[in-house]
Amino acid sequence: MAAFPLLKTGAVSQYPSSKALEFSTTVLRYVDGSEQRFRTRPAIGHRWLIDLRAVSPEEAGVIRAFVEAHRGRFGTFSFQDPWTGTVYDNCSFDGDSLELNFQTDWRVATEVVIRDNEA
Amino acid sequence: MFAFPQLQTGSMAQLPSSRGSHFRTISNSMGDGSSLKLEDFRGVHNSWTLRFRNLSDAEFTQLGDFFSACEGQLRSFTFLDPFTNLLRWSEQLSETVWHKDGGLSVGATGLADPEGTARASQLVNTAQVAQGLRQTIAAPGNYIYCFSAYVKAAQPCSIGLSIETGQPNDRKLCAVSSEWSRVYFSASGEEADQVTGVLEVPAGTAISVYGLQLEAQPNPSPYVLTLGKSGVFAHTRFAQDQLTFVAQGPDSHDCTVRLQSRDEDSNE
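Order-wise, the sequence lines are chains A and B.
So for the first sequence, the working numbering puts the first residue at -12; every next one is plus one.
So for the second sequence, the working numbering puts the first residue at 10; every next one is plus one.
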């Protein structure tokens, strides 16, 4: 299973980046004010926004090659949570597009959203 | 070849600009939260937003004439991606896109490279004359190109770099030492539909090579790894039917160009 590439520093992302914990709950409300709640997803979901504001053109090329190899949302790969170090083996990109902003000869900005498919 | 024009400076774009890779995935969500995904191959495309500032009158006229010849979004043309390597399989020298003269072979791979990884390869020439490693791309021969590589050798020697467009072009001899160094050669050729980057290894010599790169600009930019796809997009179109130029002053024009290209492996 391919792993999401690391930057030259060995890090996965730059600051600021964010992580979301997700659940999916259906709430049925009745006329008497009572509620019935049940989960529609079996497990907690994870989503990471990897903000890369200043990567080298080579690092941007590696990320682009990885996105293209996995065809956007289609492919799966392993990803190590930069907060906890936990490796999630079944992740996908949460979008079908990758935008690279070439700001100078040596600095490229981009961001990717990764989600855990196990949820 | 009907191709997006190169600026007078020899570059294809100015910074800041941006490029996008786009895919299409059909996803069905199941009741248990899982999903079935299907890749839509026909939906793959690339996009560029090129922001031009201070174009000269000549560049403004050239770009405007090209846009008119394309009739906006109607006609397609060849576009050389300014943000990537025009070569394919830049680190896999055994791939068929790389043509090696008879006495040249790829030796060890996975060697230590100047980036601190292990992606360099060894080229071994067992012949009595210089032998070349070359890759040809379908691109306008009269543009300015830069062919570059990181090289080193156990014994000091000189390698040859050249860019061929139909007729063999001038060749540059580059000194190679026991330390990694980046060498490059820039040239433009004649009207042609193919451009070939050539690296010549001297007779009876083995060199380590990494980061082979061909770009449509005068000087080398940071190396970008490529796999099966190159930076040549043969079916690119303007993503706009209106191109607006803003004259900032005499001989100074600004505009923003948006381009879109289907994946080069898909049918048009």
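The beta-carbon is built from N, C-alpha and C at its ideal position, and this holds for glycine as well.
Nothing here was measured: the structure is a model prediction, and the numbers come from that model.
Would you please state the rounded distance, in angstroms, between the beta carbons of G198 (chain B) and L223 (chain B)? I believe it to be under 8 Å.
At roughly 13 Å, the Cβ-Cβ gap does not stay under 8 Å, so G198 (chain B) and L223 (chain B) are not in contact.
Since G73 (chain B) contacts F254 (chain B) with CB under 8 Å, what's their CB separation in whole angstroms?
Yes, G73 (chain B) and F254 (chain B) are in contact; Cβ-Cβ is about 7 Å, under 8 Å.
For E277 (chain B), name the three-state secondary structure that DSSP assigns.
Confidence is the limiting factor: at E277 (chain B) the pLDDT is only 36, short of 50, which leaves the residue's position unreliable, though a coordinate-based value still follows. Residue state, collapsed to three classes: coil.
Could you work out which residue in B:H244, B:D202, B:A215 and B:A196 is closest to P227 (chain B) when comparing CA atoms only?
When only C-alpha atoms are compared, the closest one is B:A196.
Is it true that the CB of A147 (chain B) sits closer than 8 Å to the CB of D90 (chain B)?
Their beta carbons are not under 8 Å apart, which means D90 (chain B) does not touch A147 (chain B) by this criterion.
With a cut-off of 8 Å on the beta carbons, I'd call A162 (chain B) and V185 (chain B) a contact; round off their distance for me.
With a Cβ gap of about 5 Å, A162 (chain B) and V185 (chain B) count as contacting.
Which chain A residues are close to V233 (chain B), counting only those with a beta carbon under 7 Å from its beta carbon?
Those are P44, E45 and G48, listed as they occur along chain A.
Sorted by chain position, which residues of the same chain lie with C-beta nearer than 8 Å to V54 (chain A)'s C-beta, five sequence neighbours on each side aside?
Same-chain partners within the cutoff: F80, L85 and V99.
Which bits of chain A does D41 (chain B) rub up against, with CB to CB less than 7 Å?
Ordered by position in chain A, the residues that pass the 7 Å Cβ test against D41 (chain B) are P29.
Closest by CA to S239 (chain B), which one among A:T91, A:A(-2) and A:A52?
When only C-alpha atoms are compared, the closest one is A:A52.
Is F61 (chain B) closer than 8 Å to G59 (chain A) when the C-beta atoms are compared?
In this structure, F61 (chain B) does not lie closer than 8 Å to G59 (chain A) by Cβ.
Tell me, please, whether the CB atom of W35 (chain A) is closer than 8 Å to any CB atom in chain B?
No, its Cβ sits nowhere closer than 8 Å to a Cβ of chain B.
Name the chain B residues whose beta carbon is nearer than 7 Å to that of T91 (chain A)?
Per Cβ cutoff of 7 Å: L24.
Tell me where the beta strand (DSSP E) around V49 (chain A) begins and ends.
Unbroken run through V49 (chain A) is the alpha helix (DSSP H), P44 to A56; no beta strand (DSSP E).
What is the residue span of the alpha helix (DSSP H) that S77 (chain B) lies within?
D66 to C79 is the extent of the alpha helix (DSSP H) around S77 (chain B).
At least one CB of chain B closer than 8 Å to the CB of G(-3) (chain A): is that the case?
False, the Cβ-Cβ gap to chain B never drops below 8 Å.
Could you pull out every residue in the same chain whose Cβ sits closer than 7 Å to the Cβ of G15 (chain A), ignoring the five residues on either side in sequence?
The displayed chain sequence assigns Leu, not Gly, to residue 15 (chain A). Contacts found: E22 and Q23.
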